[in-house]
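The next block holds one structure in the form of structure tokens; read it before the comments.
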Amino acid sequence: MRYPDHLALPGFHIWLEAAIFTRPRAPVHFDIQHQAFDWPPGTDTDRLLSFALPLRVPAAGGGLNLWEATYQDFRRSLARGWVVSAADLQRFHARRYVPCTPGRLYVHSGHVLHQVAPSAGVRAGDERLTLQGHGVWCADHWQLYW
């Protein structure tokens, strides 16, 4: 693993009690940040990862909503005029909720449609603290960034 000098290190999402939501408010999206950066020769921009390591979740739980729709599905649907945004894919694919457990690392390609899921409730003192980052394969190692 290496960390590109010109990009931010993986970092933390810190949501204290007042910022934790109980209805879907986070954007439905793909992780395509890698497209905004120049990568060195030998980089495979088809070999990506996104990771999240929950350190604290609200007492009522926290998780990730996933849809069986890929970024490639989105590009095809967009070209055919079936959708205008990634969120439109929700109409065609079932949502799957993945509960997050503190200390368990969650890794995916970033090219699966996803969203931070709302918590079932919020109690005094609740926190949602997650270490997050992205990676792209370069020659023989991962370049990790945020």
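In terms of this note's numbering, the sequence shown has 115 at position 115, counting the first letter as 1, and numbering is strictly consecutive.
Yeah, the Cβ is synthetic: ideal placement off N, Cα and C, and Gly gets one too.
Can you list, in chain order, the residues of its chain whose CB lies under 7 Å from that of residue 126, leaving out five sequence neighbours each side?
Around residue 126, the same chain offers 17, 20, 58, 59 as residues with beta carbons nearer than 7 Å, after the five sequence neighbours per side are excluded.
Pick out the complete beta strand (DSSP E) segments inside the region 24-112, 3 residues or longer, and give them in chain order.
43-56, 63-70, 95-99, 106-108
In angstroms with no decimal places, state the Cα-to-Cα distance between residue 141 and residue 108.
The straight-line gap from Cα to Cα measures roughly 17 Å.
Determine the burial state of residue 111: buried for a count of at least 16 other Cβ atoms within 10 Å of its Cβ, exposed for fewer.
buried
Tell me whether residue 145 is buried or exposed, calling it buried when 16 or more other Cβ atoms sit within 10 Å of its Cβ.
Buried, because 16 or more other Cβ atoms sit within 10 Å of the Cβ of residue 145.
Just list the residues that DSSP pairs residue 130 with in beta bridges.
13, 54
Take residue 50 as the anchor and find which of 26, 75, 115 has the nearest alpha-carbon.
115
Cβ neighbour criterion (16 or more within 10 Å) applied to residue 84
With fewer than 16 Cβ atoms within 10 Å of its Cβ, residue 84 is classed as exposed.
Tell me which same chain residues have a C-beta within less than 8 Å of the C-beta of residue 47, skipping the five on either side of it?
136, 137
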